[in-house]
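Chains as they are written, first to last, in the numbering used here: chain W, 1271 to 1872; chain R, 3 to 108; chain B, 318 to 818; chain H, 186 to 352; chain V, 64 to 544.
Ideal placement from N, C-alpha and C gives every residue a C-beta, glycine not left out.
The structure presented is a predicted model; accordingly, all values stated were derived computationally and were not measured.
Reviewing the structure listed below.
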Amino acid sequence: MSTSVAPWIILFTPLAAAVGILFVGRYSKPLSAGLAIGSAAIGCALSWWLFCQPDPAESLSFPWIQIGTDLQIPIGVTIDHLSKVMLVVVTTIATLVFTYSIGYMKAEEGYWRYFAGLALFLFSMLGIVLADNFMMMFIFWELVGLSSYILIGHYFKRDSAADASKQAFIVNRVGDFGFLLGILFLWAATGTLMFGELTTGGIAVFAANPFYLTVACVLVFCGTVGKSAQMPLHVWLPNSMEGPTPVSSLLHAATMVAAGVYMLARIFPILAAAPPALDVVAWVGGITCFGAALMATQQDDIKRILAYSTISQLGYMVLGIASAPTPDVSMFHLFTHAFFKCLLFLCAGSVIVGMHHEQNIWKMGALKNKMPFTFLAMVAGALALSGCPFTSGYFSKDLIIAWAVVRHPFLGWLSVATAGLTAFYTFRLVFAVFLGKPRDEHAKHATESPAVMLVPLACLALPALVAGFPFIEKIFFHVADPEEVPFLLHPALYALFFGGVALAWTLYGNAAKDPVRIPFFANRLYIDDLYDWMVKHIQDGGAAVLSWADRWIVDLLVVQVPSKIAWAGGFVLRFLQIGNIQAYAFFFGAGVVGLLYLLIFR
Amino acid sequence: MPTLAHYLLVSGGLFSIGLAGVLLRRNILIIFMGLELMLNAANLSLVAFSRFHPGHDGLPGYNAQVLVFFIITVAAAEVAVGLAIIVALFRAKQTTHVEDLDTLKF
Amino acid sequence: MSAISPLLVLILVPILGAAFILVGSNARATALVASAANLFFTLVLAASYLGRPGTDHYHFVSTVPVIPSMGIAFTLGADGLSLVMLLLAALVTSAAVAVARTPDKNAAWFYASLLFISAGGIGAFASIDLFFFYMFHELALIPTFLLIGIWGSGDRQAAAWKATIYLALGSFVLLLGLIGLYLIQPEGMRTYDLRAIVGLADAGLLADGNWVYLLLLAGFGILVSLFPFHTWAPQAYASAPAPAAMLHAGVLKKFGLYGLIRIAAPVLPEAVTRYSNLLLVLLVGNILYVGYVTVSQRKLDWMLGYSSVMHMGYIFLGFAALNVLSVTGASVMLFAHGLSIAALFALSGELRERTGTLDFAELGGFAKPMPAFGLLFGFAAFAAIGLPGFVGFVGELLVFFGSFVGGVPLMGSMDGKELFQLNNFQVATICAAWGVVISAVYMLRAYRRIFFGPLDDRWAGLREISGPARVAIVALIVVMLVTGFFPQLLLQLIESASIWS
Amino acid sequence: MQLALFWLFSIFTLLFGLGVVFFRSPVSSAMSLVMSFVGLASLFVTLDAFFIGVVQVLVYAGAVMVLFLFIIMLLDLRTEERRPVKLAAWAGGGIVIGGFIAALLRVVVSLPDAWQTKPVLANPGLNDVAQVGFALFRNFNLPFQIIGVLLLVATIGVVVLSRRELK
Amino acid sequence: MVMISALALEICVVCVGILLLMADAFYVHADKRSLAYGGIFGLLMVFAMTFFIRPVPADYTGFYTNDDLGLLFKRFALLSTILTLVLSVEYAPTVERFIPGSKPGAGLGEFFVLPVFTCAGLMWMASASDFVMIFCALELVTISFYIQVAYMRKSTASLEAGTKYLILGALSTGFLVYGITWIFGMTGQTGLRGVSMVLGFVPQASQSALLFGIGLVLVALGFKVAAAPFQFWVPDVYQGAPTPVTAFLSVGSKAAGFVVLMRVIEPFLAVPEIETKLVAALQILAGLTLVYGNLAAMPQTNLKRLLGYSSIAHAGYLLVGVASVGSPAAGRAVVFYLLAYLLMTFLAFLVLVPVAKAAGGDDISDFNGLGRRSRGLALAMLISMLSLAGLPFTVGFIGKFFIFEAAMREQHYLLVAVGLVTVACGFYYYLKVIRAMYWQPAPADAPPVVVSPLTRIAAAVLAALILIVGIFPKPVLQILP
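Take a look at the structure:
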């Protein structure tokens, strides 16, 4: 087993599994589940093994499109630190979530469809991770979108799910539009698509015209905005919660949405060459992380709260990319976030199963005793998310905040504030769900979930708490702390964490219903409504006008009018044919005279 | 002495009169007479030309006169056939009036 | 050289099949046999072509002088590009015949017309002589008229009239263009043999050909439903029976662009570049304007018709940019779009045959009663909107790369600040890239409205997709996937075409 | 002298020609047709075309006009029953005729030798019957045959068309 | 191989006619159809004879020229006459209904004989090279057509058509004669050769007089070939006349008219200023004819009348060819088009006659569902309509192709543009027939269509020729002048 072959096995086993499930899956549930989990497990094992190996000297690569010297698009893998870490994260969490799904989807229909989708997703995600050139990444980028579409739309009979999946795909396409243009811009200038060549010297071309590079980078960043649900393209992520909870946890929390950040990390040297582009990235990230946190504070759906927190955390990562000198800072947070956010979602899933698919936190309450194990796991995740000191989130997030404060003071302090909000809404969720009194029949008779779901919780709870400790961090990342951080920063963060938790406790300790109502936040800052309005009135309205025009103007001018004129002409001419000899003789004579004049008088 | 122009103008006038007969009268017989007038007008100018442009032998172009002869013959034949048709028409429709012949139109 | 070309077989098989059907052999069986045989022959031909040396000129050439005084000869020949188109034609024909449901009245004429259309397409793609290139295409006109008029649905008569007259008009303009192409050649060397004409063009012996190019563009444009000459297409495809729509949208419509790539690109390149701005405006109209028109369609068949019009825009873009990448991309898209639209029309035909309506308002939730149908439709739909893995993506990609490369963006500085400006091709490319989003919008909407959401009780008893149709569509999809995963299969064929002179 | 005769005959011809057009009763039209033909014949004579003149009188004044009168009697159309005169027809006809005459005048005046008088013939007293017959049977033999066939066809036609009962 | 003098052809034809007359007169009780068969046989013999004649290159000596153009059109006339006779046999019952006669077959004899004499006239026209000759032959044809058109005395339509044709035909004869007069007056010649010889010496001043003459001759010939604005008789006469006569008119007399037209204008093209004016006039005539024929045909519902309009339309295309005389290809284009026109028009009439006989009317709607009622006929009609519309793989397309090629060579772009529009219109009204045959259901009480074997053979041959020549015109092009 050479290190240059292993990636290919890791990459294509899931695809094989997906195809296999497509054919045999419908005949046996265990078989389809087994195929999917098997492929994930193989990938996981190989990734860890690969992680322990040194980087291979050269990596295999196959020509996919090759047109003379004009264009070469190979399919090849890059094995470096970045991709290896990402491999580990993706495959590990995937394995856990796949396993968890057995329990969660037991009762659901479309079992094989679900696992086929998961396997396909794993394939595409790994493709992104391993891609060694823009086009390959773009290909798998789109495939990830597809698998997300399939999985979100799992409950396709539900209109909401169907719409959500459609929206997710289309919004991602909008992002990809920019991404593709960015790729074209870079390629048109440098003539190459390989990350390697671009990052090492390929961008020297732009010395003459940094503005062009900036535009290109911003366009590429659009891909991230779409995939990582940054504002203003974040709307699809909360809606994607219509999918099964494991999907939300794997795709829409841990891995897929992080692909955008991973891509930024992959092209970090290029970005670094275009400071203005980095500023754009920073602003988008900062605003996203704050705005999403605001929205999260007023949601009632357990999964939506987590979704907004995801958006907010992704905002942190993007901000980190823009402000830290090395992408490892963001990758570090991506790493920890993957664990605790996945954990949180799985907990939420277990709660939802316990509650017979009731997701409104105000219909829960007092689940602490009914599902204690879930409760503990949830708390662990919540602590990590809200950056409780000495949990994983604490290390990674504070690092980003520190850099942000140093590089972009305003955004930095905004993200500091966000930290407080995070603590608040996270524990709002915990308290509302697990404390207080049961506020619903389901809540009264909720029961703990089966082991197959709890084991993954356990497996995730541990890293969620400890994955951030420096000794672990050193294994995976080489991060650097900024010098002269404002000494107020860390105290402020502690204060904000405890403040947030305390505020949550006072408000939601045992509240029967939400004591505060801030419609502006509850309605997601009205951004979704704005989009709905635009789609409904601008896009569809305009389209309707155009199609009307097509029927009644273009068609009229190009087809109807000419044909009608010809027909009418014929109809009129017929009336010269009135059947009267004398009239004919007259026309005849007129013709004669006309002809004579033509010949003689001209 | 009458000149070529005299004859040509007379024949032209006759031709026009014949044309007028065709264009203005609505009785097929009269129209037919008008047609005969036109043919004869042509004859007149033919003969005039032949007389005014004698050949190298200093004689009138007798080819033209032969043509006139043919024209007269043809005209006679035409009259015969035409009148036969008109008679048949009259038998069928009791009319020789052009305005009654408009079943075929448009 | 003048031995009987194997291509003649490809043309004769469907015609003879049609003849047999008309004299009374079993219509469906004969048609199936004929089309399958043709598919087989075409594959054999392609295989043997790849084995041949020197793939930069035509192979399987045979020529029979027909009007020597005007340099018209019945000359057959094929290179990589024609072979790709021939493969497309053979595939779609087989699929169309397989999908077709024998009508209760006049089945003979039904299948015969299908075969005639196919023969027309094949003959056009296999002809080197422009005169026959044109004549073969016209062979399909009347069968289309009959198919739409007799077995069509909806307002079939209006559709048939409009399409037929319009196509007749367009092809007549084209004929004038071809005559013009003949007349701008130097006296005494005039011919309709494409190879000779290209030779003359390379030798710079042609007179000013701008007006000829405009005629060709108008003629071909009408045939390919170039904006604003597109209105015949959606109506015709909406009311045509599925196999007819498949053949026409999948194969015949490609004739126009194939002709532009074959004739205009090598013979009148300066005219092409000269009028590229005009063409760019029109094709952006195809992509954006028609794209949004497509978005607001309420019926599946109309939507598909408009979408096929829209996709022509990409191919025109590839042609307009006129470099190796873009033209290769255009050629790939010809193939890709042919397959995907054929599959989609086949499915919509099946659907109409089950539900009797294609109005989105009445459909919904069909993934439950017929999952396989939904799956296939999904494949076809995603292939149509250029998802990676399908050959359509390769085509779009190459077109974008090719049309964007048009000159590395001008670097320079204007009044101090560094600036760059995009040339018109690049602007058009950006519009076209937005078209990708539009197509996702309408395709996914259609898919969601038909297959997702709650199922109405009246559709409870829907049958799954029928066997033959299933086989045919799966075949189309497999081809799209294979060529999508391994585009080199297609690319090396196209790269060997003789258009790169 | 010649001029006077010319004017006499031509006015005679034209007047009766007008009569053909403007008489209401077919019979008088036919009669004036004959008269104008006679005038025409005499014009032929002034052009030294005696044979043609004679033929003209024989054929027209003899055969054709008899035929006309016979038919008129047979169909018994005395006077055309009064129908409203179509002004449009008259106006249109007037315009056409006017145009035609204008063209004609334009042509005639443009003729270089329009106003030349009759050239003297090589030998005046030559009997033109011989000449015409010569031309007719020598040069114009073929057309003559064709005319023969034409007459045959005409005969058949008249028989077929006017016989009461075909057998 | 033994050669015959060209003159023998017409003589033989006339003899055939006279023999038939005799037979008609003496064998009263025989089945009149045998006359038609006899005529067909005789004319076939003559047709065979034409291959034993060596054409001499056109030298317009005297009255009669048998260059290969003339020879070709003699064959043309013979063929169209033969086909007319075939049609007449098919059509005989209708004629019997419409002529007064107690006995069966009364009056049919002349109906079969007259076309033969017309044929002789057409053949003479084909080689006429002298205005006198032209006049006589033309009149022979015209007068015999007067009779044939008005032949069905008990049908008022036929009589009305006959009267219209008579009056307008005589009118055009008047103009023809007057025109000849003026040409003679200016050149002192009646022979085309003589004219072309002295044309160079005609003084500038008398050119307008010459043009006057030419114009009037053009009018008369325009009447014969149904060129607008001298075409008004066409639809009425075609509709009213007995169908075989209609076919004969639309092919035979039109073709003869065109050959005469080409012969007559040829000498005048030598003079530049006359040539320019002449070509301009021809272009305008062509344009008007195209527009009138095609546009006015679109609303038609009666197939016979529609074919009348379509014959105007095709006259338009032919005139486009004539107007392009400058290019060497034009003559060939016109001749080929006439050939194509013969094939497709007669095919259409061969289908029309039996169908109309069965349905009792010749409206397009009488063809409804023919595609299922009688496949063969429908197929034949399909082929003929496609050829008339000018669809590839039919001879009609090749014809149009040549015509427009010539026109574009001469850069008559305006004319070509008009042609573009009219071709589209043409598709519309020809497809109307196809639509009736294949889209429309057959009426429930549609009687079966019976076709005589002779007609069947003729139709099959024509259809085959249309396709074969349409696909592989080479052999035909080789026999063209």
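The three-state secondary structure of W/His-1351, taken from DSSP, is helix. B/His-454 sits in a helix when the DSSP states are folded into three classes.
Of all residues in the segment 476-489 of chain V, those with a C-beta nearer than 8 angstroms to a C-beta of chain W are Val-484, Ala-487 and Cys-488, reading in chain order. Taking 4 residues as the minimum length, the alpha helix (DSSP H) runs contained wholly in the segment 651-704 of chain B are 688-701, in order along the chain. Within the DSSP secondary-structure output, R/His-99 pairs in a beta bridge with R/Asn-29.
In the structure shown, the three-state DSSP call for B/Ser-444 is strand. For the pair B/Met-650 and B/Gly-635, the CB atoms are nearer than the 8 angstroms cut-off. Following the DSSP letters along the chain, one finds B/Phe-377 in no alpha helix (DSSP H) but inside the beta strand (DSSP E) bounded by residues 376-384. Here W/Ala-1315 is exposed. Its C-beta has fewer than 16 other C-beta atoms within 10 Å. Around W/Gln-1852, the beta-carbon contacts reaching into chain R at under 9 angstroms are Val-24, Leu-25, Leu-26, Arg-27, Arg-28, Ile-33, Val-100 and Glu-101. Around the CB of B/Met-506, fewer than 16 other CB atoms lie within 10 Å, so the residue is classed as exposed. Taking 8 angstroms as the CB threshold, R/Met-40 stays off the interface with chain H. Its Cα nearest to that of V/Ala-318, the residue V/His-377 stands out among V/Ile-497, V/His-377, V/Val-280 and V/Tyr-301. Taking each of V/Ser-192, V/Ser-221, V/Leu-348 and V/Ile-542 in turn and checking the Cα distance to V/Asn-129, the smallest one comes out for V/Ser-192. Below the 7 angstroms Cβ cutoff, chain H contributes Val-281 as neighbours of W/Ala-1860, in chain order. Taking 8 angstroms as the threshold, the shortest C-beta distance from R/Asp-59 to chain H falls below it. Of all C-beta pairs linking the segment 276-286 of chain H to the segment 31-38 of chain R, fewer than three are shorter than 8 angstroms, placing the two stretches out of contact. Less than 8 angstroms separates the beta-carbon of B/Met-402 from that of B/Lys-571. Within the segment 320-335 of chain H, those residues whose Cβ lies closer than 7 angstroms to any Cβ of chain V are, in chain order, Phe-325, Leu-327, Pro-328, Ile-331, Ile-332, Val-334 and Leu-335. In terms of beta-carbon proximity, V/Glu-468 lines the interface with chain B, with at least one pair separated by less than 8 angstroms.
Judged by DSSP in its simplified three-state form, B/Trp-776 adopts helix.
For the pair V/Lys-495 and V/Ala-452, the Cα-to-Cα distance works out to about 11 angstroms. Interface residue (Cβ-Cβ distance to chain H less than 8 angstroms): W/Val-1842 is not classified as such. Close CB contacts of H/Ala-246 within its chain, under the 7 angstroms cut and outside five residues either way in sequence, are with Val-219, Phe-222 and Val-223 (chain order). Taken through DSSP and simplified to helix, strand or coil, V/Tyr-127 comes out as strand. The shortest CA-to-CA distance from H/Leu-336 to any of V/Ala-411, V/Trp-187, V/Ile-230 and V/Phe-180 is the one to V/Phe-180. Collapsing the DSSP output to three states places H/Phe-208 in coil. Of the residues V/Phe-208, V/Ala-224, V/Val-280 and V/Leu-229, the one whose Cα lies closest to the Cα of V/Trp-245 is V/Val-280. Residues of chain V whose Cβ lies closer than 7 angstroms to the Cβ of R/Phe-17 are, in chain order, Tyr-241. Sequence-distant partners of H/Gln-241 (beyond 5 residues in either direction) whose C-beta falls short of 7 angstroms from its own C-beta, in its chain, are Phe-222, Leu-225, Ala-226 and Phe-229. Between R/Phe-92 and V/Leu-171, the alpha-carbon positions lie close to 22 angstroms from each other.
Spanning the alpha carbons of V/Ala-99 and V/Ala-88 requires a straight line of approximately 14 angstroms.
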